[in-house]
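In the order they appear, the protein sequences are chains A and B.
With the first letter of the first sequence counted as 1, position 301 gets the number 301 in the working numbering; the numbers rise by one all the way through.
With the first letter of the second sequence counted as 1, position 53 gets the number 53 in the working numbering; the numbers rise by one all the way through.
No residue lacks a Cβ here, since even glycine has one placed at the ideal position from N, Cα and C.
In what follows, a single structure is set out as structure tokens and then discussed.
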Amino acid sequence: MELHKTLGIDLRRVEREMKRIVKYDNDVPPNSELERSLLQTIEAGGKRLRPMLVIVGSRFGPRADDNRIVQLAAAAEFIHTASLIHDDLIDRSPLRRGEPSLHTLIGPAKAVYVGNYMSARVVELLSQADEQAGGGRESFTAVATAELCLGEYEQLEHAYDYSLSLDDYLLKSKHKTAHLMAVSLEFGARAAGADEDLCRSLYAFGEHLGLSFQIRDDLLDFTASEQQLGKPAGSDLLGGQVTLPVLYALEDPALAAEIRAVGPHTRPEDIRPLLDAIRASGALRRAEEFCRAELELARRIALSLGGHPAHADLLSLADYFGGRKY
Amino acid sequence: MNTVYKPHTPIRYFVSPSRGASMNDNFIREALERLEAEIDPVTRIRLNPERAVLDEALSAFERRGIEPLRRSRLLAVYILLSSALERHAAPLALEDADLTRRILDGDYLYSLYIQYTLKCKEEPLLKAMSPFVKKIQIARALGRTGEIRLLPVFEQVLADLREGA
Numbered sequence: 001m002e003l004h005k006t007l008g009i010d011l012r013r014v015e016r017e018m019k020r021i022v023k024y025d026n027d028v029p030p031n032s033e034l035e036r037s038l039l040q041t042i043e044a045g046g047k048r049l050r051p052m053l054v055i056v057g058s059r060f061g062p063r064a065d066d067n068r069i070v071q072l073a074a075a076a077e078f079i080h081t082a083s084l085i086h087d088d089l090i091d092r093s094p095l096r097r098g099e100p101s102l103h104t105l106i107g108p109a110k111a112v113y114v115g116n117y118m119s120a121r122v123v124e125l126l127s128q129a130d131e132q133a134g135g136g137r138e139s140f141t142a143v144a145t146a147e148l149c150l151g152e153y154e155q156l157e158h159a160y161d162y163s164l165s166l167d168d169y170l171l172k173s174k175h176k177t178a179h180l181m182a183v184s185l186e187f188g189a190r191a192a193g194a195d196e197d198l199c200r201s202l203y204a205f206g207e208h209l210g211l212s213f214q215i216r217d218d219l220l221d222f223t224a225s226e227q228q229l230g231k232p233a234g235s236d237l238l239g240g241q242v243t244l245p246v247l248y249a250l251e252d253p254a255l256a257a258e259i260r261a262v263g264p265h266t267r268p269e270d271i272r273p274l275l276d277a278i279r280a281s282g283a284l285r286r287a288e289e290f291c292r293a294e295l296e297l298a299r300r301i302a303l304s305l306g307g308h309p310a311h312a313d314l315l316s317l318a319d320y321f322g323g324r325k326y
Numbered sequence: 001m002n003t004v005y006k007p008h009t010p011i012r013y014f015v016s017p018s019r020g021a022s023m024n025d026n027f028i029r030e031a032l033e034r035l036e037a038e039i040d041p042v043t044r045i046r047l048n049p050e051r052a053v054l055d056e057a058l059s060a061f062e063r064r065g066i067e068p069l070r071r072s073r074l075l076a077v078y079i080l081l082s083s084a085l086e087r088h089a090a091p092l093a094l095e096d097a098d099l100t101r102r103i104l105d106g107d108y109l110y111s112l113y114i115q116y117t118l119k120c121k122e123e124p125l126l127k128a129m130s131p132f133v134k135k136i137q138i139a140r141a142l143g144r145t146g147e148i149r150l151l152p153v154f155e156q157v158l159a160d161l162r163e164g165a
């Protein structure tokens, strides 16, 4: 069953809210290229994990049914979408989910401003909300994505850096992926009036979940098809990203020599035998174990919150993340 | 916007020696030291705002009756926002070797602007500025660059907040 159905979340409501945030902005001229780009980006879809995390987080507070929660869920997806638009430019990626990326359609500068608009619009919406309804200072902190940027800087810093440590890898992954997931859960809980200890536990749960998500992504670079990934298998390795399976494979001296030879000018066809060798090496199994261990830590936190009916939703999230195929 | 993007220039800024230094020198030095402490070293961001721009901002703060103790904080906030906007100023081309850094730096500085404004307990300023920051992005997306100047908006917001206080 699809995750949103398991969690009892009406994603169409979130998507309607995302469109409403654009259409009800009197500063965006109707039918302008900006409005069309925003609506097209929203309609292109996505997993919508962050809005689901906001809504699940809100179920730990007394005001979970507040309409405001749906707006905050949409806001979380705005922040994520803005980061994807900029990521595609940073990676010079012409495609997003198999379709032309926004900068391919409207040019790099305008794509940057569409992403910036989404972030700025969220700050404006939070500014209009009162403290109780999600307009408190923690909400602004939640949408400030400095951590995401730090993850990107760290990734750039360590491109083709085969001396990367496990700690560096984990830090980069926490910044780049886990933080926004953790903050989405915390953000929802806080907006619904959950107490501080609970918010902290949800952040910790989200961080483990997010790390497992990143490791799963790392594994998919070796196991998923081009069609599933929307990019060729081995793209991370070719792009110089030292992922967890690569870190483990580097412990094998023979493989390490081949991996260290991968650089900015290596061609996709050159790494095919190396991809097979890494697949056969046991590195994927070890990364899978790490991923499972993170999910287990997340599950333990979920079980510690057993007094809240919504803890079952956290377990559903952990199950979904564990079984993700692409 | 009002600052110049020079990616590899240091944050150090020339100010007169402390003895006999102007008030502005002190505000500027303090603001830049605050920012140096805030910006994560992994970013390697170096800010080099034009002196004239900073003097102009400080004059605006003075006109609006901002207490001296608050001016360096506000100047740091202003530098972060104007630098974020500057990093993303057109032209932005795929062939530009600095494109990646410009996007990242602009995103990082904007996030830091939010975090630092809150840290300085200037939440009302952040809230009051938010529609204008958004309008700047809309104007840019519509190709109407230069339509909104940051400093007059910043000054007006400070004046409005003071009146409403």
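Listed along chain A, the residues sitting closer than 7 Å to B:PRO91 by beta-carbon distance are ALA109. Note on B:LYS127: 16 or more other CB atoms within 10 angstroms of its CB, so buried under the neighbour-count rule.
Contacts with chain B (Cβ-Cβ distance below 9 Å) from the region 139-155 of chain A involve PHE140, THR141, VAL143, ALA144, THR145, ALA146, GLU147, LEU148, CYS149, LEU150, GLU152, TYR153 and GLU154, listed in chain order. For A:PRO100, the pairing in a beta bridge is given by DSSP as A:LEU95. At least one C-beta of chain A is nearer than 8 Å to the C-beta of B:TYR110. Counting only the Cα atoms, B:TYR116 lies some 13 Å from A:GLU138. Contact check for A:LEU148 against A:SER93 fails: the beta carbons are separated by 8 Å or more. Scanning chain A for C-beta atoms nearer than 7 Å to the C-beta of B:ARG140 yields TYR113, reported in chain order. Shown here, A:LYS231 sits in coil according to DSSP, grouped into three states, outside any helix or strand. B:GLY143 sits exposed, since fewer than 16 C-beta atoms from the chains shown fall within 10 Å of its C-beta. At least one C-beta of chain B is nearer than 8 Å to the C-beta of A:GLU124.
A distance below 8 Å separates the beta carbons of A:GLY151 and A:LYS176.
Within the region 251-286 of chain A, complete alpha helix (DSSP H) segments of at least 4 residues are found at 253-260 and 272-279, given in chain order. With a beta-carbon spacing of about 10 Å, A:ALA249 and A:LEU275 fall beyond the 8 Å limit used to define contacts.
CA-CA distance, A:ALA76 to A:ALA257, rounds to 42 Å. Cβ proximity to chain A below 7 Å picks out GLU123, LEU126, LYS127, SER130, PRO131, VAL133, LYS134 and LYS135 from the region 122-135 of chain B. Comparing C-alpha distances from A:ASP167 to each of A:TYR160, A:ASP270, A:LEU211 and A:ARG299 shows the shortest one belongs to A:LEU211. Among the residues facing chain A, B:ILE79 is not included, as its CB has no counterpart in that chain under 8 Å away. With distances taken between CA atoms, A:ASP217 lies nearest to A:PHE290 out of A:GLU124, A:PHE290, A:ARG13 and A:TYR160. B:ILE138 and A:ILE90 have their C-alpha atoms some 21 Å from each other. Between A:SER127 and chain B, the shortest Cβ-Cβ separation is below 8 Å. For the pair of segments examined, the region 258-274 of chain A was found not to touch the region 175-194 of chain A: the number of CB pairs separated by less than 8 Å stays below three. A:SER304 counts as exposed, since fewer than 16 other C-beta atoms from the protein chains shown sit within 10 angstroms of its C-beta. Segment contact: the region 220-238 of chain A against the region 189-208 of chain A, fewer than three CB-CB distances shorter than 8 Å; contact not assigned.
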